[in-house]
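Each residue of the sequence shown is one higher than the one before, starting from 0 at the first, in numbering that gives the first Met the number 0.
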Amino acid sequence: MIKPISGVQSVLPLIDHIAETRPYLPPLVIGVLSADPDEARAFVAGYRDRLFDIGNRALVPSAHAGKVTAGIAKTTTSPDVGFLDEIAKQLRSSVPAGAGRRWRTKQFRLCLDVIQAAGIIDTTTAEGTRQQLLAWLYSRWEKRNRLLSWVRTMSTEDLPIQFLGTVLVALLSGPSRWWFGRRLNSRKLRWFGEHLTNATGLHGDFLDQAVYLLPDSGLEDVTALRRRVLFDALLHDIALFTRRRRFLPHRRRRRWTPVLLLDATDSPDAKPAADLVDMYVELTRTASTMPLLVVAALSDNATPTTATAPVLDIDKAAPALRALVNKTEADPPRRLALRLPPDPPVDPIAETYLRTHRRVTPRIPGRLSAWAPLALTVLLITAGGGFGTYRHLVSGCAGTRVDALGQRVGIIEKDCSFDQPPSAPGVPNLSDLEQAVFANNAAVDLLRDENNQKRYHREIVFFAPLTRPNTAERTAPPNSIWQLRGAVEAQREHNDDAAGDVNRVPIKLVLANSGDRFADGDWVAAKIAERPRSDNGGLAAVIGISQSRPIVSKAIRDHLKDIPVIGSSMYGSRMAENDNMFLSAPLNAAFADRMTAWLAERGYGSRAAVVYDPGDDYFSRELRDLLRARGVGSPETDIEIEEGDSADIADRDIAAMCANADNRIPVLTNRADQVLKFLDRAKNIDSCVRRPTPLPILSGPGLIVEAATDTLAERYPWARLTMTSLAPSAVESEESTGRDAFRIAAAAIKEAQISAKGVWKPALAQSMLHKTEVFETLGLPRLNDASQPNRIWLVDLTP
């Protein structure tokens with residue numbers, strides 16, 4: 000027991016504080032010195048009593064490795080191994096209730112299995128030793144694994160379900176062996192290899208290193224190495240056991256620091272404990288937090304390790320120990336020795352303290368408190384998941400999915416969003432447009448006829464790539480954003496007029512995102528085709544599209560062949576090959592005529608170097624072929640830039656083009672991403688940027704979308720960019736095509752409704768789109784027209 004001497008009442012509360020708190024201090028060894036070793040041992044034994052309650056139930060995990068333990072270890076064939084094994088057993092058996100009583104020192108048991116393999120496996124050949132060691136380690140692990148051990152028992156002959164057990168063993172053996180091999184070389188066991196590499200100078204996996212712990216490995220002083228590895232394994236297990244996890248109930252109740260009590264006096268039986276103190280100090284010299292608190296009984300002739308520690312009389316040690324506990328020292332000592340006075344008198348204050356404070360009092364949360372965070376988290380996740388599923392199934396997100404690039408694609412009507420973050424300055428915010436559409440649609444529901452019934456209305460789907468993934472090669476915003484803004488404004492104006500005109504059909508707008516480059520267009524088109532058409536509010540037309548691609552043409556042909564589709568800002572003539580596809584913008588032929596005329600007006604004639612995508616038959620290559628037919632460009636001067644994240648272009652081709660720009664102007668017929676790729680490569684080439692005058696460049700409609708951001712002149716001041724457009728500015732150009740597509744669809748719906756005489760037929764709206772006179776009287780553009788170059792502007796982007 001601890002004697003009531005002066006200073007005990009000040010020192011013990013500080014040591015108790017360390018034991019009854021989560022590990023937060025650097026590794027610390029507290030030594031107890033006395034001229035009489037029995038006095039020091041009595042102090043340590045008395046402190047052990049403070050770690051158990053009156054029923055001998057542990058309050059803090061601890062191990063008391065004194066003479067008795069050393070004596071037990073001495074009777075085994077491997078005293079060092081038995082000594083550490085006894086410490087591990089005491090720590091495991093003293094885990095307080097409710098903190099995980101089934102703690103398994105996995106890394107310690109694994110290293111112990113390696114050492115116990117001596118004499119069991121044949122070490123004559125290196126490869127044979129590896130395989131036998133692996134088999135031995137797996138068999139030991141399998142016995143400790145409850146599931147595998149039970150299955151193995153089932154396969155024995157003395158059970159009636161032997162066949163089932165044999166089948167389960169066959170099924171589980173392969174995966175479990177593979178997982179066990181992976182576990183041996185996991186990051187958690189990296190420290191094991193470091194110990195063996197420092198001893199052998201060799202690198203390798205776990206089995207390569209483990210064979211050197213066997214007696215016949217030829218390694219010098221293998222006994223000391225085994226003791227070092229075993230103790231470090233135990234320290235790693237303890238550190239993992241006490242690591243804080245906020246939501247695990249057992250870990251929330253581990254609000255203490257395990258304590259190791261040692262007899263490290265000069266007694267022969269205490270030699271293993273004394274060595275352990277030195278080893279603990281050495282192994283934890285770089286650790287920031289103690290895995291366990293070591294309290295050791297020492298002799299006056301202290302060991303070399305403890306000799307460097309401050310030695311303080313116990314009645315004067317409180318300030319130094321308090322500084323350690325409160326972490327007020329910048330570089331606190333990791334060893335502290337308390338000297339007990341010889342034949343001390345009884346201190347009444349200390350006696351009163353020991354009588355009233357007999358045990359440590361860790362503040363352990365109750366079971367309900369420990370389970371509350373996990374239960375609350377599970378409840379919130381379950382409720383959130385259930386509510387999210389409910390909203391997904393009954394709200395506007397039911398017709399969507401998230402694709403491989405993280406884009407939400409599909410159809411939304413309300414209470415859902417495509418979640419596209421704001422893009423470059425000047426680009427409309429998609430979420431704002433979504434809210435505007437929802438508001439316009441809600442206004443339609445408020446309209447009433449003369450009988451105070453909901454007004455008859457139809458539905459138009461705006462179908463286009465509305466989002467872009469966050470990748471380096473896809474930097475241009477989708478041009479459909481501006482087209483959608485034009486369509487939304489046209490919808491608002493149309494419904495405002497329809498509110499006071501019974502002959503106009505109010506229209507709801509539904510948004511459908513195909514994903515970038517129409518990657519999910521086929522799936523979304525199938526979703527659109529499933530929408531009702533004949534009833535009030537049924538689908539009447541699809542607008543948008545915004546890109547001329549074969550995948551778009553196929554999706555329309557396969558799923559939307561009986562629905563009129565009006566494309567905005569689409570120029571490829573092959574898109575009009577579908578009977579139900581109508582393009583509101585001029586076709587590529589009109590752009591080729593206008594660009595050829597512009598080149599001739601400025602004296603270039605046919606002298607041009609055309610940049611195009613040879614694989615883009617529906618847009619870029621078609622425009623290049625039309626220019627070639629008009630004498631613009633040649634095979635010798637044209638440059639190819641393919642679409643795709645991995646596509647590239649040779650700098651030498653761009654350099655040659657820029658060097659000859661006074662005689663051959665660059666003409667860009669690509670899509671926006673490829674145009675930007677060309678400009679970004681050219682800005683690093685001297686022949687392009689170091690010119691007496693800006694480099695003249697003519698671009699087709701692919702540059703419109705980037706010009707709408709109004710940043711081209713700032714980013715490429717060395718170039719004089721001129722682009723084709725359908726309006727005096729890029730923004731007006733894109734918005735006008737979206738506005739025109741909606742107005743054309745609305746006009747066709749109105750005429751079809753009049754012709755239907757109350758019975759809607761989906762084909763009526765499509766047939767109305769062939770009556771060009773209807774749209775000309777409304778000031779709307781001709782559809783699928785290749786003969787109107789006068790509609791095309793040439794816009795100089797130079798500020």
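In this text, a Cβ means the ideal position worked out from N, Cα and C, and glycines have one as well.
- Proximity winner among Tyr-137, Ser-148 and Lys-142, relative to Val-177 (alpha-carbon distances): What you label residue 177 is simply residue 178 of the sequence shown in a count that begins at 1. Inspection of the sequence shows that residue 177 is occupied by Trp rather than by Val. Of the listed residues, the one whose Cα sits closest to Trp-177 is Tyr-137.
- Item | Complete runs of the beta strand (DSSP E) confined to the segment 211 to 299 [at least 3 residues] | 258 to 263 and 292 to 297
- Message: Quick check on the DSSP output: what are the complete beta strand (DSSP E) runs of length 3 or more inside the segment 439 to 502, in order along the chain?
- Response: 457 to 463
- Task: Use the C-beta contact count for Gly-520: other C-beta atoms within 10 angstroms, 16 or more gives buried, fewer gives exposed.
- Result: Within the sequence shown, residue 520 is the residue found at index 521, counting from 1. Gly-520 comes out buried.
- Could you tell me which uninterrupted alpha helix (DSSP H) segments, each at least 4 residues in length, are contained entirely in the segment 33 to 119, listed from first to last along the chain? 36 to 49, 66 to 73, 78 to 92 and 105 to 115
- Cα-Cα, which of Pro-464, Phe-461 and Ala-441 is closest to Lys-453? One-based indexing of the sequence shown puts residue 453 at position 454. Nearest C-alpha to Lys-453: Ala-441.
- Check Leu-586 in the structure and name its three-state DSSP category. As a position in the sequence shown, residue 586 is number 587, starting the count at 1. Here Leu-586 sits in coil by DSSP.
- Task: Tell me whether Leu-11 sits in a helix, a strand or coil according to DSSP, three-state version.
- Result: Numbered from its first residue, the sequence shown carries residue 11 at position 12. In the structure shown, Leu-11 sits in a helix (DSSP, three-state: H, G or I).
- Out of Pro-309, Arg-663, Glu-750 and Val-610, point me to the one whose CA is closest to Arg-670's CA. The count along the sequence shown starts at 1 and reaches residue 670 at position 671. If we check each option's Cα against that of Arg-670, Val-610 comes out closest.
- In the DSSP assignment, what residue or residues form a beta bridge with Ala-803? Examination of residue 803 is not possible in this model, given that the chain is present from 0 through 798 alone.
- Query: Is the distance from the Cβ of Thr-723 to the Cβ of Pro-691 below 7 Å?
  - Reply: Translated into positions along the sequence shown, residue 723 becomes position 724. Translated into positions along the sequence shown, residue 691 becomes position 692. For Thr-723 and Pro-691, no; Cβs fall outside 7 Å.
- With 16 other CB atoms within 10 Å as the buried threshold, where does Phe-741 fall? Locating residue 741 in the sequence shown gives position 742, counting from the first residue. Classification for Phe-741: buried.
- Message: Using a 10 Å radius around the Cβ and a threshold of 16 neighbouring Cβ atoms, would you call Phe-386 buried or exposed?
- Response: Against the sequence shown, residue 386 aligns to sequence position 387. Burial call: exposed.
- Message: Tell me the rounded alpha-carbon separation between Thr-668 and Lys-507.
- Response: As a first step, residue 668 must be located in the sequence shown, where it is residue number 669. As a first step, residue 507 must be located in the sequence shown, where it is residue number 508. Answer to the nearest angstrom: the Cα atoms are 36 Å apart.
- Endpoints, beta strand (DSSP E) assigned at Thr-721: Stepping through the sequence shown from its first residue, residue 721 is reached at position 722. First-last of the beta strand (DSSP E) with Thr-721: 718 to 724.
- Message: Let me check understanding here. Comparing Cα to Cα, which of Arg-56, Ala-44 and Ala-486 lies closest to Lys-2?
- Response: Working through the sequence shown from its first residue, we reach residue 2 at position 3. The shortest C-alpha separation from Lys-2 is found at Ala-44.
- Item | Beta-carbon proximity list for Ala-497, same chain, < 7 Å, skipping 5 on both sides | As a position in the sequence shown, residue 497 is number 498, starting the count at 1. If we look at Ala-497 and ignore the five residues flanking it on each side, its Cβ neighbours are Arg-503, Val-504 and Pro-505.
- Message: I'd like the span of the alpha helix (DSSP H) that includes Tyr-352, first residue to last.
- Response: In the sequence shown, the residue the question calls residue 352 occupies position 353. That run of the alpha helix (DSSP H) goes 347 to 355.
- Query: Should the segment 624 to 632 be called in touch with the segment 557 to 567, which here means at least 3 C-beta pairs below 8 Å?
  - Reply: no
- Task: Pick helix, strand or coil for Ile-4, following the three-state DSSP scheme.
- Result: As a working note, residue 4 is residue 5 in the sequence shown. Coil.
- Query: If you draw a straight line from the C-alpha of Ala-762 to the C-alpha of Tyr-455, how long is it?
  - Reply: Start at 1 with the first residue of the sequence shown, and residue 762 comes out as number 763. Start at 1 with the first residue of the sequence shown, and residue 455 comes out as number 456. Between Ala-762 and Tyr-455, the C-alpha separation is close to 19 Å.
- Task: Hey, could you find the ends of the beta strand (DSSP E) Leu-510 is sitting in?
- Result: Mapped onto the sequence shown, residue 510 falls at position 511. First-last of the beta strand (DSSP E) with Leu-510: 506 to 512.
- Selected residue, minimal CA-CA separation from Thr-721, among Ile-753, Asn-783 and Ile-791: Within the sequence shown, residue 721 is the residue found at index 722, counting from 1. Looking at the Cα atoms, Ile-791 is the closest of the given residues.
- Is the segment 194 to 204 close to the segment 50 to 62, with three or more CB pairs under 8 Å? no
- Beta carbon of Ser-583 nearer than 7 Å to that of Thr-736: Taking the sequence shown and counting its residues from 1, the one referred to as residue 583 is at position 584. Taking the sequence shown and counting its residues from 1, the one referred to as residue 736 is at position 737. Going by C-beta atoms, Ser-583 is nearer than 7 Å to Thr-736.
- Can you name the start and end residues of the beta strand (DSSP E) that Gly-543 belongs to? Residue mapping note: residue 543 aligns to position 544 of the sequence shown, counting from 1. Here the beta strand (DSSP E) through Gly-543 covers 538 to 543.
- Query: Using DSSP with H/G/I as helix, E/B as strand and the rest coil, what is Trp-177?
  - Reply: Along the sequence shown, read from residue 1 onward, the residue named residue 177 stands at position 178. Residue state, collapsed to three classes: helix.
- Where do the N-terminal and C-terminal ends of the beta strand (DSSP E) with Asp-795 fall, by residue? Counting from one through the sequence shown, the residue named residue 795 turns up at place 796. Here the beta strand (DSSP E) through Asp-795 covers 792 to 795.
- With DSSP as the reference, label Leu-777 as helix, strand or coil. As a first step, residue 777 must be located in the sequence shown, where it is residue number 778. Three-state result, Leu-777: coil.
- Exposed or buried, what is Ile-14 when buried is set at 16 or more other beta-carbons lying within 10 Å of its beta-carbon? Looking up residue 14 in the sequence shown gives position 15. Buried, by the Cβ-count rule.
- Query: Quick one, which of Gly-485, Phe-417, Gly-383 and Lys-88 has its alpha-carbon nearest Ala-729's?
  - Reply: Translated into the one-based positions of the sequence shown, residue 729 becomes position 730. Of the listed residues, the one whose Cα sits closest to Ala-729 is Gly-485.
- Where does Ser-786 sit, in a helix, a strand or coil, going by DSSP? For the purposes of this step, residue 786 is taken as the residue at position 787 of the sequence shown. DSSP places Ser-786 in coil when its eight states are reduced to three.
- Task: Give the secondary structure of Thr-708 by DSSP, where H, G and I count as helix, E and B as strand, and everything else as coil.
- Result: If you number the sequence shown from 1, residue 708 lands on position 709. Three-state DSSP puts Thr-708 in coil, outside helix and strand.
- Item | Nearest-angstrom Cα separation, counted from Ser-33 out to Asp-299 | Counting from one through the sequence shown, the residue named residue 299 turns up at place 300. Counting from one through the sequence shown, the residue named residue 33 turns up at place 34. Rounded to whole angstroms, Asp-299 to Ser-33 spans 6 Å at the Cα level.
- Message: My output table needs one value for Arg-601: the three-state DSSP class, helix, strand or coil.
- Response: As a position in the sequence shown, residue 601 is number 602, starting the count at 1. Reduced to three states, the DSSP call for Arg-601 is coil.
- Distance CB(Ile-542)-CB(Ala-744) smaller than 7 Å: The residue labelled residue 542 in the question sits at position 543 within the sequence shown. The residue labelled residue 744 in the question sits at position 745 within the sequence shown. Contact: yes.
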